[in-house]
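Reading the sequence shown from the start, the letters are residues 5 to 656 in my numbering.
Even glycine gets a Cβ: it sits at the ideal position worked out from N, Cα and C.
This structure is a prediction, so every number in the text was calculated from the model and none was measured.
Below is one structure, written out as structure tokens, with a few remarks after it.
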Amino acid sequence: MRRTFKRLAAALGLLTLTMDATTQNIRPLPNMHRLPGPIVRTVLQDEEGYIWYGTTDNGLARDNGYQIDMFVGDEKSHFTRTDNFINKMCTTRHHEIVFGTQTGAWILDKRNYRIERLDTTVTMNRDVTSLVVDGVDDSYWLSAGSTLFHLNRERKLISTYEITENGKPQSKLSLYCDSKGRLWLMLNEGGLKLYDRKKKEFMTCRWETEWSPIAMQEDKRNGCFWIGTSYGGIMRYEIPKNGLATQGTLSMQPATLGERGSHDAGRGCVYGICLVNNKLWVSAIDNLYCYEISENGKKLRRFDTSGFLPNKRVILEPPTKDRKGNVWVPSFMPSPFIIMPKDKMVKRYAIEQMEAMTDYPLIADATVQDGDGFWLMQSRAGLMYYSPQGEVLLSLLNGPAHQWLYSYNMLNRKADGNGVWIAEGKSLWKAWLEGGAIKTEKVKEVESPIHCLFETSSGDVLTGTENGIIRIDTKSGLALKLAADAGRVNSVLQTSDWTIHLLGSRCGLARIADDGTVETLVEDKRFDQMATDGNHYIWLSSADGTVACYDLQTHELKKNDVASDKQGCAIKRLQVDSDGHLWLLTSLYVKEYNPRNNAFKMFNISDTNIKADYFQDVKAMGKDICFSGAGGIYTTKTSDALTKTRKRHTPW
């Protein structure tokens with residue numbers, strides 16, 4: 005049998021496909037740095053969408069998308085540091101998480117988040133390595149060594165099974181419950197068994213191979229099971245129609261075998277299998293592998309993952325998928341990571357010729373999308389324009405005028421529909437394209453430095469200065485001073501009722517009343533960014549990561565914990581799109597947040613389709629979003645999924 009497998013493995017090159025690295029996004033666990041320890045052994049997603057981590061040093065952790073909550077028990081539960089090495093986890097239909105450790109089985113009730121032993125007799129101080137909740141009666145099945153325990157829903161022992169193979173006790177057992185409620189038992193030093201509910205015993209299945217089963221994955225689409233083995237790769241197990249489940253047909257999959265002496269020799273020793281979109285993600289003894297299910301579900305073909313996965317030996321645990329199709333890979337080495345389908349709505353512009361022109365890579369400190377092109381403020385090079393069509397890059401500094409113009413404050417000229425407004429020092433400039441070159445014109449110089457800009461629906465520009473607001477008629481150049489006693493104005497906008505709102509160093513959040521006076525709405529002066537949907541709300545953010553919402557009807561200010569950054573990361577930019585979604589930019593991520601259902605989506609600098617060192621700017625124009633930083637300019641659209649979902653959920 006071994007020689008047969010070797011001959012088949014020699015032909016594996018004919019069965020290999022290439023996975024386009026541009027379709028996959030590899031990223032570390034989003035809040036890995038907030039875990040008290042580096043090793044995650046098992047991962048699951050509960051019915052609410054939260055991700056739970058079973059660790060080797062710190063017990064059970066829950067990731068809600070923006071923070072980590074640790075569950076370590078209390079004196080009453082006796083769940084202590086010695087119990088924190090978690091082997092396996094599963095959920096119940098009663099809002100519970102059951103998990104096995106080296107010291108027994110435990111249960112966490114999510115209604116009060118208390119941890120207690122699943123039972124205090126038979127499994128106490130046993131190394132529980134596998135467990136499932138019975139899909140028929142919600143009872144519990146647990147294994148420790150060669151012993152199998154069956155507990156009822158009330159957690160009382162029903163029966164104990166000592167599992168042997170040819171009289172030999174087992175060192176480890178693995179349990180699997182399929183969609184029809186059938187309970188399978190894999191003998192890690194034997195074959196496959198199936199529980200007979202009438203006889204209340206395990207029946208031996210046809211297993212015509214010398215390799216022992218370790219991991220199992222049901223494939224309802226193709227009517228079979230994929231079973232990982234000890235150095236026999238993956239086997240396909242198909243139950244005959246109108247036949248006994250114990251009399252399934254076993255077929256080996258040559259593509260899943262490694263060649264002795266090759267870099268992937270351990271490919272055939274499979275620890276875990278995860279089925280996602282007709283592909284199997286497989287953790288083997290030495291790496292993570294991927295196979296496409298082909299030939300009407302009969303065969304597996306290799307996918308070359310070298311474009312996005314490290315081609316070196318690693319130590320992984322069984323992968324699992326979330327409800328969005330992301331694959332979570334717990335690991336000892338390297339750090340745990342997620343394989344995510346790349347967001348095809350995100351397009352990256354790296355502008356490769358930037359370094360040749362400026363001696364610096366792309367560092368877009370401010371960006372405005374203008375039709376099919378982009379205006380950008382390149383760090384140490386000033387104002388530039390990039391057209392992806394033909395990859396044309398224009399520089400004001402390197403142009404005929406050799407003019408230096410640089411500012412973080414740049415926005416679309418909506419009324420003209422051509423070019424941008426720029427605030428530099430005390431001056432308001434406009435820039436546009438003409439004859440294949442950048443043209444500029446100083447519109448107005450005011451008495452103090454300009455800190456922010458806003459274009460009104462009439463085409464006037466509101467400039468927030470060191471001493472109030474200057475309203476500039478961009479056609480005539482006439483200027484009108486407003487809110488002189490507001491102090492430094494950090495942000496200014498106009499709502500749909502034509503009311504001007506501002507964030508001032510002396511007045512906090514304020515509005516300009518009909519008589520021209522400044523009326524303070526919120527005295528809290530820590531907020532330095534704001535944006536509005538135009539009608540109902542003004543969103544505020546601060547350098548300490550706080551995000552709050554001011555209701556224009558009720559005049560109430562409420563902090564939003566979901567939108568806020570729990571670690572105090574500064575919110576650098578704030579925008580609202582035409583669907584009312586909030587866009588928040590920090591140095592490390594851009595978050596799209598729907599306040600109607602608390603759903604949100606993250607774009608991280610570490611995402612492989614992002615590849616940024618840090619973020620600097622975000623702009624929302626209707627449903628079109630543009631953000632940028634050191635490493636790229638990115639465009640995307642408002643997420644329809646965040647709009648349509650009816651309940652709060654985490655970003656995965």
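- Looking at the DSSP output, Thr558 shares a beta bridge with no other residue.
- DSSP, read as helix, strand or coil, puts Ala360 in helix.
- Lys529 carries a coil assignment under DSSP once its states are collapsed to helix, strand and coil.
- A distance below 7 angstroms separates the beta carbons of Phe341 and Ile30.
- Take Leu187, set aside five residues on each side of it, and the residues of its chain with a beta-carbon closer than 6 angstroms to its own are Cys181 and Tyr199, in chain order.
- Counting every other CB atom within 10 Å of its CB across the protein chains shown gives Trp502 a total below 16, marking it as exposed.
- Taking the CA atoms as reference points, Lys563 sits about 26 angstroms from Cys630.
- Cβ neighbours of Ala441 within its own chain (closer than 8 angstroms, five residues either side excluded): Leu398, Gly403 and Pro404.
- Per DSSP, the unbroken alpha helix (DSSP H) holding Lys648 starts and ends at Asp644 to Lys648.
- Annotated as distal: Val331 and Pro322, with beta-carbon spacing of 7 angstroms or more.
- If you draw a straight line from the Cα of Tyr541 to the Cα of Tyr597, it is about 14 angstroms long.
- Between the alpha carbons of Asn116 and His99 lies a distance of about 10 angstroms.
- Closest in alpha carbon position to Thr444, among Ile637, Ile72 and Gly423, is Gly423.
- One thing to note: Asn413 has its Cβ within 7 angstroms of the Cβ of Leu457.
- Non-local C-beta neighbours of Glu212 in its own chain, meaning closer than 6 angstroms and more than five positions away in sequence, comprise Leu254, ordered along the chain.
- From the listed residues Asp376, Ile516 and Asp87, the smallest Cα separation to Gln393 is found for Asp376.
- When DSSP states are grouped into helix, strand and coil, Gly421 belongs to the coil group.
- For the pair Val102 and Gly262, the Cα-to-Cα distance works out to about 35 angstroms.
- Judged by DSSP in its simplified three-state form, Asp374 adopts strand.
- Gly633 is bridged by DSSP to Phe619 and Gly636.
- Rounded to whole angstroms, the separation of the alpha carbons of Leu646 and Leu189 is 41 angstroms.
- Taken in chain order, the complete alpha helix (DSSP H) segments of 4 or more residues contained in the region 175–259 number zero; there are none.
- DSSP places Arg577 inside the beta strand (DSSP E), whose first and last residues are Arg577 to Val580.
- Taking a C-beta distance under 7 angstroms as the contact criterion, Pro453 and Gly429 qualify as a contact pair.
- Sequence-distant Cβ neighbours of Lys224 in its own chain, meaning closer than 7 angstroms and more than five residues away, are Ser183.
- Looking at the DSSP output, Glu428 bridges to Ser431.
- Secondary structure of Thr124 (DSSP, three-state): coil.
- Taken through DSSP and simplified to helix, strand or coil, Ala488 comes out as helix.
- Residue nearest to Ser178 within the set Asp141, Asn170, Val132 and Asp142 is Val132 (criterion: CA-CA distance).
- A direct Cα-Cα distance of roughly 37 angstroms separates Met625 from Thr309.
- Short of 6 angstroms from the beta carbon of Leu484, and not among the five residues preceding or following it, lie these beta carbons of its own chain, in chain order: Arg475.
- Around the Cβ of Met349, a 10 Å sphere holds fewer than 16 other Cβ atoms; the residue is exposed.
- By a beta-carbon distance limit of 8 angstroms, Leu135 contacts Gly104. Their separation comes to about 5 angstroms.
- Apart from sequence neighbours up to five positions away, the residues of its chain that approach Val137 with a beta-carbon distance below 7 angstroms are Cys94, Thr96, Val102 and Tyr144, ordered along the chain.
- Take Gly491, set aside five residues on each side of it, and the residues of its chain with a beta-carbon closer than 6 angstroms to its own are Gly508, Ser509 and Arg510, in chain order.
- For Tyr57 and Asp581, the gap between their C-alpha atoms comes out near 34 angstroms.
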